[in-house]
Structure formats: structure tokens, C-alpha cells
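Q: What follows is a single structure, and I will ask about it in a moment.
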Amino acid sequence: MTTRGEIEKLIRTHSAETGSLAAALQRLPDLLLAPAQSRRAVDVFPSCHLAGAVEQLCRCRGMIQEVQPEVHLFCASRQHLLSPAAAAAPTPAHSAEDDPLEFMDAVSLYVIPVPGNDHFYTVDDATAPSTEAARATSSSEAHAERKRRDRGCGPTPAVPANTAEHSAPLCEEEEGDRSRKLAKIAVGNVMADVASPDAALVGGLSLNLPHPSRHPQLQTACVVTVLLPSMPPNGDADRRRSPFRVNDVIDFYGFQHFPDDQLAVNEDDDFLRFSAWNATELSKGLVSRLLCLAYSPVSSVHLPYAVSTAALQAADVAEHRTHALRYLSEHLTEGDELAAAYVLLHLCAKVCTHSDALPVGDLPLLVTSPRLCAEEWSLQLRRITPVAEVFLRSEALRAAAPTRLTPRYNNELNYLQSGLLQVANGSHVTIDCTALGTHDGAWYEGMFALVHKQLLLLEYPYQTLELPVDVTVLALHAAPDLAALHPLFQFAVCVCWEPSSRSPEKDAAQSSLPASDVVRRYLATVRQLPAKLEELDESVSAQASAALLEMSHDIPGWNNRDPLLHNNSFSVATALMRAHAASWGRSNFTADDIAMVRQLERARVARLRDASA
Numbered sequence: 000m001t002t003r004g005e006i007e008k009l010i011r012t013h014s015a016e017t018g019s020l021a022a023a024l025q026r027l028p029d030l031l032l033a034p035a036q037s038r039r040a041v042d043v044f045p046s047c048h049l050a051g052a053v054e055q056l057c058r059c060r061g062m063i064q065e066v067q068p069e070v071h072l073f074c075a076s077r078q079h080l081l082s083p084a085a086a087a088a089p090t091p092a093h094s095a096e097d098d099p100l101e102f103m104d105a106v107s108l109y110v111i112p113v114p115g116n117d118h119f120y121t122v123d124d125a126t127a128p129s130t131e132a133a134r135a136t137s138s139s140e141a142h143a144e145r146k147r148r149d150r151g152c153g154p155t156p157a158v159p160a161n162t163a164e165h166s167a168p169l170c171e172e173e174e175g176d177r178s179r180k181l182a183k184i185a186v187g188n189v190m191a192d193v194a195s196p197d198a199a200l201v202g203g204l205s206l207n208l209p210h211p212s213r214h215p216q217l218q219t220a221c222v223v224t225v226l227l228p229s230m231p232p233n234g235d236a237d238r239r240r241s242p243f244r245v246n247d248v249i250d251f252y253g254f255q256h257f258p259d260d261q262l263a264v265n266e267d268d269d270f271l272r273f274s275a276w277n278a279t280e281l282s283k284g285l286v287s288r289l290l291c292l293a294y295s296p297v298s299s300v301h302l303p304y305a306v307s308t309a310a311l312q313a314a315d316v317a318e319h320r321t322h323a324l325r326y327l328s329e330h331l332t333e334g335d336e337l338a339a340a341y342v343l344l345h346l347c348a349k350v351c352t353h354s355d356a357l358p359v360g361d362l363p364l365l366v367t368s369p370r371l372c373a374e375e376w377s378l379q380l381r382r383i384t385p386v387a388e389v390f391l392r393s394e395a396l397r398a399a400a401p402t403r404l405t406p407r408y409n410n411e412l413n414y415l416q417s418g419l420l421q422v423a424n425g426s427h428v429t430i431d432c433t434a435l436g437t438h439d440g441a442w443y444e445g446m447f448a449l450v451h452k453q454l455l456l457l458e459y460p461y462q463t464l465e466l467p468v469d470v471t472v473l474a475l476h477a478a479p480d481l482a483a484l485h486p487l488f489q490f491a492v493c494v495c496w497e498p499s500s501r502s503p504e505k506d507a508a509q510s511s512l513p514a515s516d517v518v519r520r521y522l523a524t525v526r527q528l529p530a531k532l533e534e535l536d537e538s539v540s541a542q543a544s545a546a547l548l549e550m551s552h553d554i555p556g557w558n559n560r561d562p563l564l565h566n567n568s569f570s571v572a573t574a575l576m577r578a579h580a581a582s583w584g585r586s587n588f589t590a591d592d593i594a595m596v597r598q599l600e601r602a603r604v605a606r607l608r609d610a611s612a
């Protein structure tokens with residue numbers, strides 16, 4: 000595997016050839032993203048083993064929780080770009096001609112493990128404590144131990160916090176005290192908003208995580224510094240703009256980076272003492288640092304992404320689709336093949352684009368049954384979702400003092416405080432609607448924007464920004480009366496779940512991978528298909544329009560006549576056609592997809608009518 004020294008040597012060679020460090024860096028992505036290199040990179044998450052990987056190429060796969068709004072200058076040396084600051088500092092004999100320093104535009108990103116993901120990261124389950132209190136204690140001890148190991152030059156004596164403060168000039172001391180006080184106040188306010196203090200500690204609220212970590216070893220984060228391309232000769236300023244957005248899932252490749260302003264390790268450090276992620280209070284024992292030299296999108300709204308799966312041939316798609324249906328019928332819907340078919344289309348659908356502030360392509364699904372167990376459904380879906388599965392309980396939304404739902408900018412500490420509705424692009428969100436009343440409204444605005452507009456609301460002091468997202472929403476309702484369901488979740492596609500008493504057929508397909516992995520890779524592949532809305536044949540479009548009108552006349556109660564375009568039966572039926580085509584590996588639907596959707600919708604509405612009779 001390529002080491003830091005080899006990359007620095009390569010940078011020096013390319014810099015000499017091109018006469019520019021920026022031009023030399025643009026040659027690195029092809030090398031670092033090659034499978035031979037990327038597969039051997041050391042994962043930043045979990046970070047307990049990074050102390051021994053300073054010289055090795057690292058990969059940080061995570062969700063961008065926040066992007067530093069301003070671009071800053073990065074002082075780079077052609078000779079020592081990746082070396083520690085002390086080693087790279089100019090000496091009295093330093094010559095600007097031999098080693099010119101260049102200032103490059105850079106952007107800082109706060110990256111966290113993808114919330115609700117179980118398969119991106121390799122953790123040691125044997126070391127996981129059995130109780131919540133033990134998890135919090137173990138996590139704190141692990142970070143304290145790692146802070147001692149991270150120094151690399153042997154043990155560092157403990158420095159009391161007050162000693163470090165008193166060694167600074169008076170103005171810096173006062174500013175530091177003020178920052179720490181504000182941090183404690185902010186953390187106190189957040190803690191007061193959480194129903195369970197123990198859950199707050201386990202969830203890593205001090206790391207500003209939107210959801211509790213799936214494992215104690217994933218209770219961490221990474222500050223990634225990305226160098227932006229220089230201005231091209233044609234003056235195209237778009238190349239210098241940061242391509243990164245909040246909620247994107249990206250693979251960042253680079254080396255551990257220790258900036259000059261990083262404070263020394265303090266044995267008194269704990270999770271609740273530091274403030275903003277981009278403040279100097281963060282030691283590398285709490286949050287890793289990475290200088291990114293190449294990146295590859297995994298799940299993004301505006302960047303083309305590719306999860307590492309092999310492209311499926313037509314015959315393979317049919318086989319994997321059959322396997323996925325059998326898996327869903329066996330493990331999720333308990334023999335209900337109609338419900339399994341709709342869940343499959345629901346998982347294959349994605350946001351193709353946003354048109355006139357409305358999402359196109361997504362397929363919210365409502366499943367109802369008195370026998371539903373929402374938590375069990377979420378657990379089963381977590382095993383097959385390509386990016387993540389996030390479960391929102393009714394209690395979390397209805398709590399007297401709920402956690403924040405939408406991110407809000409903290410003006411005093413200069414960071415974006417996370418919220419429950421901040422999930423990675425491509426995530427699947429399961430909502431337990433059973434205990435939500437028809438008049439509950441504290442969560443309505445943020446949830447409506449997420450579900451029906453595919454927007455995440457970012458609250459700033461003088462305005463609310465709307466960030467386009469791609470989230471798949473499943474609403475589960477276990478109450479017998481649909482009239483008690485909140486109107487927001489009365490989706491156009493509602494399936495009455497009827498589990499079968501018979502045992503579903505076992506999947507006869509043989510595979511070297513677990514069944515859930517096969518389904519996950521199939522879903523990841525079909526969701527990668529590019530949207531080609533403009534390439535739809537006019538004759539097929541006319542057939543779809545005619546079919547929608549016929550369904551409206553021939554299927555009683557099918558047309559909900561919802562004035563909200565996103566939840567209108569006509570729009571949702573078109574999304575079903577696109578999802579059905581995607582499930583077969585096609586970018587656009589055909590006459591076969593139209594006919595199949597008509598058949599499914601007829602069976603679905605008939606079941607609803609029988610259930611209400």
C-alpha cells in the first residue's frame with residue numbers, strides 16, 4: 000500500500016514537472032481511488048487503531064454533518080505537504096526557490112459515521128459492554144487511552160486544565176473561559192431537551208451526532224480538510240466552489256493531519272467540555288483529522304455516486320429481484336406477497352430530481368395492521384438498506400421536551416446543532432405513527448418538508464434554508480382505525496398488511512454471501528441507475544396517461560384527489576411505474592411496467608376495501 004513518504008515523493012516529482020503544487024495534486028485521485036489502493040486503506044471509523052496508521056493511506060467513509068461555510072487558505076509545501084507542522088517548518092537555510100510555499104483554497108468538513116448504518120464499519124462486538132452505563136464508561140476510557148497513544152513520542156504528563164488556561168495571555172484566557180462557559184451552557188440546554196440523560200451520553204451529544212451511535216466504537220467524528228482546485232486559465236469559478244453538501248455520504252482518502260492550532264492532550268478532557276467542531280479545543284483524541292487528497296461520492300443528491308457493487312446483467316437482475324421478493328416475504332411481510340411487492344418498489348424508488356420545489360421519483364409508503372411491530376420492521380429493514388435505516392419512535396416526536404428535529408445554527412458557538420431529521424442522503428426512515436394524534440403539530444413543519452418536499456430545514460437566526468435531500472419514508476400504523484392517523488402520513492399508497500399463517504418458501508438460490516447482503520447489493524445497484532426522464536418515449540407516455548385515467552374510472556376509491564401534487568394518486572402511480580422499471584434494471588418504464596402497476600393497484604385497493612368492510 001502507498002505510504003505517506005511515497006506520496007510526498009510523488010508530489011515533489013509532479014510539482015517539478017508541472018511547476019505547480021495544485022496541478023500535482025490533481026494527478027493523485029486516479030492513483031488513490033484505484034481498487035488496489037482504496038481497498039487497502041485504513042478506515043478512520045472506528046478510530047481506535049489510528050495511532051499506528053500515521054504513515055498509511057486512510058479512508059473516512061461518513062456523512063457530512065456540517066460544512067464550514069467559509070473557504071480558508073491552506074499553506075502547503077511542495078517538499079513536506081503531508082509532514083507534521085514541526086518537520087515542515089522553514090529552517091533558517093530554507094530557500095523559497097528550492098521549496099516554495101503555496102496558498103491553496105481549502106474547505107473543512109465535519110464528518111461522522113453514517114447514522115443508522117450497520118455494514119459500512121467493522122467493529123469489535125466482543126468488546127461492547129452489556130449495559131448503557133458501561134457503554135458510556137467504556138467509551139470515555141477508550142478515548143482517554145487513545146489520547147495517550149496518539150502522541151506517538153511516549154507518555155505525556157497530565158496537564159491540569161487550569162494550568163493550560165493560566166499559561167495563556169490574559170485576553171486569550173478570558174476568551175477561552177467565555178468559550179468554555181458558552182459550551183457548557185449549550186450542552187446543558189441540549190441535555191435538558193432530551194428525555195433520557197443516559198441516552199444522551201450514549202448518543203454522543205457532545206459530538207453533535209443526530210442519532211445515538213450504533214456501537215460505542217462509532218461514537219467519534221473526523222474533521223476532513225479538502226484542498227480545492229485552483230482557478231483554471233479560462234476563469235471558470237465553478238471549479239473552485241466546494242462540491243460538498245450537508246448529508247452527503249463520501250469516501251475521503253488521505254492521511255492523518257495534525258494542524259498547528261491543535262491543543263495538546265489534556266487528561267481532563269471529556270465529551271462535554273469542548274464547543275464547536277472547528278474550534279481548537281478539539282484534541283485528536285476526541286476527533287480525528289484527515290487531509291483529503293481524493294474523494295468518491297457514495298450517496299449524494301447532486302453528485303453521481305457509485306456504491307462498490309458490480310453492474311448486474313439483465314438475467315442477473317431477474318434472479319436478484321426474485322431473491323429480494325422472497326427475502327422480504329420471508330423475513331419482513333411473513334408471507335404477504337402483495338405487501339412484499341410494494342415494499343420492494345418502495346425501496347427501489349429514489350428522488351430523481353426536484354422540479355418546481357417538488358421531488359420527483361420518491362415513493363412514501365404507509366403500511367397498516369393491528370399486528371404491526373414497528374421496531375421489528377425497522378430491524379429487518381436495517382439488514383438490507385444500502386445506506387442506512389433510521390427509526391423514529393412516536394415517543395421521540397411527542398415528548399414534552401423533544402430533541403431537536405431540524406438542525407439549528409448556534410450563533411454563539413458558531414456551529415450547526417444537529418437534529419433527528421438530519422439523516423444521510425439515501426437513508427430509509429421508518430416512522431411509528433401509531434401513537435401520533437391527528438392534532439399533534441410540534442414536529443409537523445420539519446416532517447412535512449422532509450416527507451413531501453424532500454427538504455431538510457436548516458434554521459439560521461434570520462432565515463431558514465431548505466436543503467434538498469433523498470430520503471425514503473415508511474410510515475407504520477398499528478391502530479385499527481385509519482381516521483386516527485395524522486393527515487401528514489395518509490399517503491396515496493397505503494397497504495393493509497395481512498401476514499400469512501403458512502411458512503414462506505425458502506430461497507433456493509445459492510450464494511456465497513448472506514441473503515441480506517445479496518438484497519442490499521441488488522438495491523444499491525438499482526438505485527444507482529441514472530434518471531432519464533427526458534428520454535421517455537412519447538407513445539409510452541401516452542399509454543401511461545391513458546392508464547391513469549382508466550384506473551381513476553375503473554378502480555373505485557383509487558383516486559385520492561389530493562391537491563398536494565406529491566401525494567396525488569396520479570403522481571404516485573407514475574413513481575410506481577419508475578420504481579417497477581428500476582427493479583428490473585431499467586432507467587425508464589415501459590408498457591409492461593404500466594400493466595404491472597395497474598394490476599398491483601387493483602389488488603391493493605381491493606384489499607383495503609375488504610378490510611374496511
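Count the sequence shown with numbering that gives the first Met the number 0 and you get residues 0 to 612, in order. Think of the CB as a built atom: it goes at the ideal place given N, C-alpha and C, for glycine as much as any other residue. Keep in mind the model is a prediction, meaning the values are calculated, not measured.
Please look up how many angstroms separate the CB atoms of ALA581 and CYS347, rounded, as I've assumed it's under 8 Å.
A: With a Cβ gap of about 5 Å, ALA581 and CYS347 count as contacting.
Q: Taking DSSP as the reference, what is the three-state secondary structure of PRO215?
A: helix
Q: The beta strand (DSSP E) that contains CYS372, what's its start and end?
A: No beta strand (DSSP E) holds CYS372; DSSP gives it neither H nor E.
Q: Give the range of the alpha helix (DSSP H) segment to which PHE488 is assigned.
A: Careful: PHE488 lies outside any alpha helix (DSSP H) and carries neither H nor E.
Q: To which residues does DSSP link ILE383 through a beta bridge?
A: In DSSP, ILE383 forms no bridge with anything.
Q: For PRO406, tell me which candidate among TYR459, SER393, PRO363 and VAL517 has the shortest Cα-Cα distance.
A: TYR459
Q: Which first and last residues belong to the alpha helix (DSSP H) in which LEU344 is found?
A: 336-347
Q: With DSSP as the reference, identify every bridge partner of GLN416, one or two as the case may be.
A: ARG407
Q: When the Cα of LEU435 is compared with those of LEU564, LEU412, SER393 and GLY584, which residue comes out closest?
A: Closest in C-alpha terms to LEU435, from the list LEU564, LEU412, SER393 and GLY584, comes SER393.
Q: Taking 8 Å as the limit between beta carbons, can you name the residues of its chain near LYS452, skipping five residues before and five after?
A: Here the set comprises ALA356, LEU357, PRO358, GLU465 and HIS565.
Q: Tell me which residue opens and which closes the alpha helix (DSSP H) that THR352 is part of.
A: Segment 352-354 is the beta strand (DSSP E) holding THR352; no alpha helix (DSSP H) there.
Q: Any contact of the stretch 21-29 with the stretch 369-388, i.e. 3+ C-beta pairs under 8 Å?
A: No: the two stretches stay apart, fewer than three of their Cβ pairs being nearer than 8 Å.
Q: Contact between the stretch 216-223 and the stretch 107-115: three or more CB pairs below 8 Å?
A: yes
Q: Whose CA, out of PRO467, LEU457 and CYS432, lies closest to the CA of HIS485?
A: CYS432
Q: Excluding the 5 residues preceding and the 5 following LEU292 in the sequence, name in chain order all residues of the same chain whose CB lies nearer than 7 Å to its CB.
A: LEU24, LEU27, LEU31, TYR252 and GLY253
Q: Within 10 angstroms of its Cβ, does HIS427 collect 16 or more other Cβ (buried), or is it exposed?
A: buried
Q: With a CB to CB cut of under 6 Å and the five nearest residues on each side skipped, what residues in its chain are close to HIS319?
A: Once the five neighbours on either side are set aside, the close Cβ partners of HIS319 are TYR521.
Q: Check for me: the alpha helix (DSSP H) holding PHE447 runs from which residue to which?
A: 443-451
Q: Would you mind giving the Cβ-Cβ distance between PHE490 and LEU364, rounded to the nearest angstrom? I have them listed as a contact below 8 Å.
A: Taking the Cβ atoms as the reference, PHE490 lies roughly 6 Å from LEU364, within the contact range of under 8 Å.
Q: Using 10 angstroms around the beta-carbon of ASN207, count the other beta-carbons present and answer buried if the total reaches 16, otherwise exposed.
A: Residue environment: ASN207 is assigned as buried (16 or more neighbouring CB atoms within 10 Å of its CB, all protein chains considered).
Q: Round the Cβ separation of VAL41 and CYS57 to the nearest angstrom and send it over; I've been treating them as touching at under 8 Å.
A: Between VAL41 and CYS57 the beta-carbon gap is near 5 Å, inside 8 Å, which marks them as a contact.
Q: So for THR1, helix, strand or coil by DSSP?
A: coil
Q: Could you check what DSSP says for ARG179 in three-state terms: helix, strand or coil?
A: With a pLDDT of only 39 at ARG179, under 50, the local geometry of the prediction cannot be trusted, and the value read off the model is given with reservation. It is helical.
Q: In this structure, how does DSSP classify GLN598 when only helix, strand and coil are distinguished?
A: Helix, per DSSP.
Q: With a floor of 4 residues, list each alpha helix (DSSP H) that falls wholly inside the stretch 552-609, ordered by position along the chain.
A: 568-582
Q: Taking the alpha-carbon positions, what's the THR659 to LEU419 distance?
A: Residue numbering for the chain in the displayed model covers 0 to 612; residue 659 lies beyond these limits and cannot be assessed.
Q: I'd like the list of long-range same chain contacts for VAL622, defined as Cβ closer than 6 Å, with 5 residues on each side in sequence excluded.
A: The shown model of the chain, from 0 to 612, leaves out residue 622, and the question about it has no answer.
Q: Rounding to the nearest angstrom, what Cα-Cα distance links PRO498 and HIS118 in this structure?
A: 28 Å
Q: Since ASP361 and SER299 are thought to touch, with beta carbons under 8 Å apart, how far apart are those beta carbons, to the nearest angstrom?
A: Contact flag wrong, Cβ pair sits at about 15 Å.
Q: With 16 as the cutoff for other CB atoms within 10 Å, does GLU65 come out buried or exposed?
A: buried
Q: Quick check on the burial criterion: 16 or more other C-beta atoms within 10 angstroms. Buried or exposed for TYR461?
A: exposed
Q: According to DSSP, is SER538 helix, strand or coil?
A: helix
Q: Please report how far the alpha carbon of PRO467 lies from the alpha carbon of ALA15, in whole angstroms.
A: 42 Å
Q: Please report the Cβ distance between ASN116 and ARG38, rounded to the nearest whole angstrom; I am assuming they are in contact, meaning their Cβ atoms lie under 8 Å.
A: About 19 Å separates the CB atoms of ASN116 and ARG38; that is not less than 8 Å, and the two are not in contact.
Q: Report, in whole angstroms, the separation of the C-beta atoms of LEU217 and PHE44, which I expect to be a contact under 8 Å.
A: About 6 Å separates the Cβ atoms of LEU217 and PHE44, confirming a contact at the 8 Å cut-off.
Q: Alpha carbon to alpha carbon, how far is SER241 from LEU285?
A: 26 Å
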